[in-house]
Amino acid sequence: MPFTTPDRPFDLAAMWPELATLARTAVRLHPRHGKPTAEQSSIGGPLLWPIDEAWPTCTGPHEWDSLETLDEVFEDRRIKDLAWSTPGGGTPDTFTTEEQAFLDSLREPGRGDSRGDEFQTAEAPLLPVAQLFTRDVPGLPFRERFDLLQVLWCPYDHPETGPYGAYEPAVHLRWRDTSQSVLRPVYPARNTLVGFKDYVPSPCALAPEEVTEFPHTDLLSPELREEIKATTERSEAFDYHDNALAPGWKVNGHGAGWWIIDAFDVRCECGAEAKPLLTAATGGLDSPTSHWRPLEERDGAAEVPKRYGSVDVYLGRGYDLQIFHCGLDPEHPPVMEMV
2 MPFTTPDRPF
12 DLAAMWPELA
22 TLARTAVRLH
32 PRHGKPTAEQ
42 SSIGGPLLWP
52 IDEAWPTCTG
62 PHEWDSLETL
72 DEVFEDRRIK
82 DLAWSTPGGG
92 TPDTFTTEEQ
102 AFLDSLREPG
112 RGDSRGDEFQ
122 TAEAPLLPVA
132 QLFTRDVPGL
142 PFRERFDLLQ
152 VLWCPYDHPE
162 TGPYGAYEPA
172 VHLRWRDTSQ
182 SVLRPVYPAR
192 NTLVGFKDYV
202 PSPCALAPEE
212 VTEFPHTDLL
222 SPELREEIKA
232 TTERSEAFDY
242 HDNALAPGWK
252 VNGHGAGWWI
262 IDAFDVRCEC
272 GAEAKPLLTA
282 ATGGLDSPTS
292 HWRPLEERDG
302 AAEVPKRYGS
312 VDVYLGRGYD
322 LQIFHCGLDP
332 EHPPVMEMV
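So the sequence shown is numbered by the numbering used here: it starts at 2 and just counts up by one.
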């Protein structure tokens with residue numbers, strides 16, 4: 002079903018006309034648990050993959066928490082989802098003996114270490130994060146050359162990639178012209194080991210919707226930044242960033258909210274501007290209690306899913322991962338910032 006974001010409580014462009022020239026269109030993806038096919042845009046679903054292209058892997062060094070297979074990750078979620086969906090669920094007596102034994106086995110001390118020796122010399126298969134067709138997602142970059150963007154990441158931490166590398170998955174992009182390849186549905190084997198189960202996106206269908214965003218105040222002129230700060234100090238009801246930047250999983254726009262570091266002008270390794278491509282949000286939350294919540298899922302409009310907009314991804318200490326792309330060359334590697 003389509004989703005409709007309500008009008009913002011504050012019209013930022015009317016309050017500060019100079020913001021109008023800085024507006025960008027973001028595409029809210031509105032992920033919802035489902036069973037997307039490889040022919041659909043999705044988060045965490047199967048990908049259309051060239052038959053003559055090997056599934057990509059990542060070489061170490063890797064760091065992990067507790068190595069689990071994809072089957073174990075999804076079974077863990079299935080059991081807990083079922084428990085939480087029943088009245089009084091979530092307590093130990095909610096689970097069957099078999100379910101409790103399975104959950105206990107995932108918490109055995111040293112469980113990850115026991116598999117680590119075997120994994121040290123292996124290459125880690127990447128996981129599907131997003132598959133986005135230009136027919137579904139307006140404004141995808143390089144659409145004159147490609148009709149499909151695929152985002153994958155390695156479900157381990159990568160201590161060699163810089164100050165934030167130890168706390169984020171390694172991201173890989175695939176830009177495709179689907180007319181140039183014979184494609185088939187592919188998803189990693191269910192016995193694939195992952196280092197952090199919170200890096201495994203649950204399969205979600207999408208309902209893309211365009212909204213208007215404005216820059217973070219750190220990226221505005223000092224004069225405009227001071228004007229906005231003064232307005233915020235005069236009114237407890239006004240929050241610039243809560244009106245300027247959409248929450249949740251989204252494409253393009255001005256990116257995530259820069260909650261843990263100051264916003265800055267991000268550059269590709271070639272020096273070109275790096276533009277926000279995909280915001281991967283912890284929990285995938287679509288801001289269920291705020292004014293960003295779609296009209297179709299407000300009280301009285303429809304039954305709201307138990308875990309509203311959840312992709313089951315948890316990054317860092319609950320942050321968002323902002324993926325940037327080179328504004329000039331799709332072959333350049335993405336830039337990532339945990340924000």
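Yeah, the Cβ is synthetic: ideal placement off N, Cα and C, and Gly gets one too.
All values derive from a computational prediction rather than experimental measurement.
Is it buried or exposed for residue i, if we count other Cβ within 10 angstroms and need 16 for buried?
i    : result
K36  : exposed
E119 : Legend: pLDDT at E119 = 46, less than 50; position of this residue unreliable, value from coordinates given subsequently. Flag for E119 reads exposed.
G254 : buried
V183 : exposed
G249 : buried
L106 : Correcting the residue identity first, residue 106 is Ser in this sequence and not Leu. S106 comes out exposed.
S236 : exposed
A282 : buried
L329 : exposed
C271 : exposed
H34  : buried
G319 : exposed
K251 : buried
S222 : exposed
A294 : The question names Ala, yet the displayed sequence has Arg at residue 294. Result: buried.
E224 : exposed
K198 : buried
D94  : exposed
H292 : exposed
I44  : buried
Classify residue i as helix, strand or coil using the three-state DSSP reduction.
i    : result
R226 : helix
V74  : helix
W56  : coil
P289 : Any answer about P289 is weak, because its pLDDT of 48 lies below 50 and its placement is not dependable; what the coordinates show is given next. Here P289 sits in coil by DSSP.
L221 : coil
T95  : helix
F103 : helix
T213 : strand
M2   : coil
L316 : strand
E297 : helix
R235 : helix
E270 : coil
P7   : coil
Got a sec? Which residues, its chain only, sit under 6 angstroms from residue i by beta carbon, not counting five neighbours each side?
i    : result
H217 : W259 and A264
P186 : A39 and P47
Skipping 5 residues on each side, what residues in its chain have a beta carbon closer than 8 angstroms to that of residue i?
i    : result
F96  : I80, A84 and L104
F143 : W176 and P331
R78  : S203 and D313
Which residues does DSSP pair with residue i in a beta bridge?
i    : result
D321 : A282
W154 : L128 and V172
R33  : A206
N253 : A27
C1   : One cannot answer for residue 1 here, as it falls past the ends of the chain, which runs 2 to 340.
L49  : P186
S43  : Q132 and A206
V336 : F325
Near residue i, what residues of its chain come up, given a Cβ to Cβ distance below 7 angstroms and the 5 sequence neighbours on each side ignored?
i    : result
I262 : V340
L20  : L13, A14 and F215
V336 : V267, C269, A275 and F325
C155 : C59, A125, L127, P170 and A171
L279 : A131, V152, V252 and I324
CA-CA distance, residue i and residue j?
i    : j    : result
Q181 : F215 : 37 angstroms
T6   : P139 : 16 angstroms
C327 : E54  : 24 angstroms
S115 : H159 : Only weak support is given to the placement of S115: the predicted model assigns it a pLDDT of 47, under 50, and the question is left unresolved by the model.
Y47  : D266 : The identity of residue 47 in the sequence shown is Pro, whereas the question assumes Tyr. Taking the straight line from one Cα to the other gives about 34 angstroms.
D240 : L174 : 34 angstroms
R191 : D72  : 5 angstroms
D8   : L149 : 30 angstroms
F343 : A27  : Residue 343 lies beyond the range of the chain shown here (2 to 340); nothing can be said about it.
A245 : A24  : 9 angstroms
H63  : Y200 : 14 angstroms
T179 : P189 : 20 angstroms
P88  : L207 : 29 angstroms
For chain C, check one thing: does any of its Cβ atoms lie closer than 8 angstroms to the Cβ of residue i?
i    : result
V130 : The structure shown contains no chain C; it holds only a single protein chain.
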